[in-house]
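In the numbering used here, the protein residues as written are -18 to 105.
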């Protein structure tokens, strides 16, 4: 297969897999949030949006693979949320409370809240 089409094919598979009999949107959402924490997501989005002047870095195999895997995972997450919201599934069935990534994300949100509160003027 032509290499330039491999990322498109991964996104196509993500779209078609929802028609599999064993497709479970709750599991897809749980899998995503167990794999990624908020800082990892932020860093990857930054990598995707950054205009790198060092083309050697952007051509590194691990960078290319990470971007492709993340985008496919993100698309699967969006499809899963869409599926839940347009079907009889219950979003409350997503259980990521005990995931390590959840604890990392909660800690980061606590830090960002302290920073926000420090710099934000109170409107009392």
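C-beta: ideal position from N, C-alpha, C; glycine also.
Simplified DSSP assignment, three categories, for residue i
i, result
"residue 7", "helix"
"residue 77", "coil"
"residue 133", "Shown here, the chain extends from -18 to 105; a query on residue 133 therefore has no answer."
"residue 62", "helix"
"residue 2", "coil"
"residue 41", "coil"
"residue 12", "helix"
"residue 101", "coil"
"residue -3", "helix"
"residue 54", "helix"
Other residues of its chain near residue i: CB distance less than 6 angstroms, five sequence neighbours each side excluded
i, result
"residue 89", "19 and 20"
"residue 62", "none"
For residue i, the nearest candidate out of the options (CA to CA)
i, options, result
"residue 55", "99, 5, 76 and 14", "14"
"residue 17", "-7, -1 and 83", "83"
Alpha-carbon spacing of residue i relative to residue j, whole angstroms
i, j, result
"residue 73", "residue 28", "32 angstroms"
"residue 12", "residue 77", "9 angstroms"
Residues of its chain near residue i, where Cβ-Cβ distance is below 7 angstroms and the 5 sequence neighbours each way are ignored
i, result
"residue 4", "-2"
Own chain partners of residue i with C-beta closer than 8 angstroms, once the 5 adjacent residues on each side are dropped
i, result
"residue -8", "52, 53 and 56"
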